[in-house]
Amino acid sequence: MSNLSEKEFIEKYVVMVYNLALRLLGNPADAEDLAQDSLIRALKALPKFRGDSAGFTWLYRITVNTWKNRVRYEKRRGLWKIIPLEFFSGNHDHAESSLPSEETPLDSGLESQEKTATVQKALLELDEESRAVVVLRDLQNKSYGEIAEILQIPEGTVKSRLSRARESLKESLKKSYF
């Protein structure tokens, strides 16, 4: 990783960091800020990277820690907020969105967007530790070991947090749909 130029480093990891930030924050503008802060911190720390862990694990840890620091800072100053539902409609993953075919009912895209918004809203209602575990496992497809390394917690703690977080999400989504 340290043999990459700054430009190559950013080009290689910007989408990965942005997607993680978006899932943690739920807001594209805040996700861009967090991704930028995380990449700047990573670039400054890159000369000290020893390679003890995989590069993506190291970068995810920086991103998650930068997010946690931001949440603590904003909570102390009364700035922390729940993001309004309208921020969650649409696809913000820097991935090509597929257009509905002629056979696809026009309201199916809206229904899918509403479901995505509801899930994202429920995710944002979780505490930071639970949200980080769910995002890393269920949205970023990281293994329990990778999550433990990223969050610097035991693997058993990852599993128990994930179980509690999923149960909480399930209850929250039940309230939204029933």
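For the sequence shown, the positions run 1 to 178 when my numbering is used. Even for Gly, the Cβ is constructed at its ideal location relative to N, Cα and C.
With burial defined as no fewer than 16 other Cβ atoms inside 10 Å of the residue's Cβ, what is the status of residue 26: buried or exposed? Numbered from 1 along the sequence shown, position 26 holds the residue referred to as residue 26. Flag for residue 26 reads buried.
Range of the contiguous alpha helix (DSSP H) that encloses residue 145: Taking the sequence shown and counting its residues from 1, one reaches residue 145 at position 145. Its alpha helix (DSSP H) spans residues 144-151.
Roughly how many angstroms separate the alpha carbons of residue 28 and residue 5, rounded to a whole number? The count along the sequence shown starts at 1 and reaches residue 28 at position 28. The count along the sequence shown starts at 1 and reaches residue 5 at position 5. Rounded to whole angstroms, the gap between the alpha carbons of residue 28 and residue 5 is 27 Å.
Using the beta-carbon count (16 or more within 10 Å), is residue 8 buried or exposed? Taking the sequence shown and counting its residues from 1, one reaches residue 8 at position 8. So residue 8 ends up on the exposed side.
Which term fits residue 120, buried or exposed, when burial requires 16 or more other beta carbons within 10 angstroms of its beta carbon? On the sequence shown, position 120 is the one that residue 120 refers to. Its Cβ being crowded by 16 or more others within 10 Å, residue 120 is buried.
Taking residue 156 as the reference, which of 165, 150, 167 and 144 has the closest Cα? If you number the sequence shown from 1, residue 156 lands on position 156. Considering only alpha carbons, the answer is 144.
Minimum C-alpha distance to residue 171 - residue among 118, 76 and 65: Mapped onto the sequence shown, residue 171 falls at position 171. Ranking 118, 76 and 65 by Cα distance to residue 171 puts 118 first.
Quick one: grab the DSSP three-state call for residue 166. Taking the first residue of the sequence shown as position 1, residue 166 is located at position 166. DSSP places residue 166 in helix when its eight states are reduced to three.
Using the Cβ count rule (16 or more neighbours within 10 Å means buried), how would you classify residue 40? Here the question's residue 40 lines up with position 40 in the sequence shown. Under this definition residue 40 is an exposed residue.
Presumed contact (8 Å Cβ cut-off) between residue 136 and residue 147, rounded CB distance: Sequence index remark: in the sequence shown, residue 136 carries index 136 (1-based). Sequence index remark: in the sequence shown, residue 147 carries index 147 (1-based). About 5 Å separates the two Cβ atoms, so the contact holds.
Tell me the residue span of the alpha helix (DSSP H) that contains residue 35. As a working note, residue 35 is residue 35 in the sequence shown. Where residue 35 is concerned, the enclosing alpha helix (DSSP H) stretches over 28-45.
Starting from residue 5, follow the alpha helix (DSSP H) in both directions and report where the run begins and ends. Taking the first residue of the sequence shown as position 1, residue 5 is located at position 5. Run containing residue 5: none; DSSP gives neither H nor E here.
Through-space distance from residue 55 to residue 127, alpha-carbon basis: Translated into the one-based positions of the sequence shown, residue 127 becomes position 127. Translated into the one-based positions of the sequence shown, residue 55 becomes position 55. So the alpha carbons of these two residues sit roughly 27 Å apart.
Top-ranked residue by Cα proximity to residue 32, from 67, 142 and 45: Locating residue 32 in the sequence shown gives position 32, counting from the first residue. Out of 67, 142 and 45, 67 has the C-alpha closest to the C-alpha of residue 32.
For residue 126, which three-state DSSP category applies? Within the sequence shown, numbered from 1, the residue matching residue 126 stands at position 126. DSSP places residue 126 in coil when its eight states are reduced to three.
Using a 10 Å radius around the Cβ and a threshold of 16 neighbouring Cβ atoms, would you call residue 45 buried or exposed? Walking along the sequence shown from the start, residue 45 turns up at place 45. If you draw a 10 Å sphere on the C-beta of residue 45, you find fewer than 16 other C-beta atoms in it, and that means exposed.
Which of the three DSSP states is assigned to residue 117 in this structure? Looking up residue 117 in the sequence shown gives position 117. The answer is helix: DSSP assigns residue 117 an H, G or I state.
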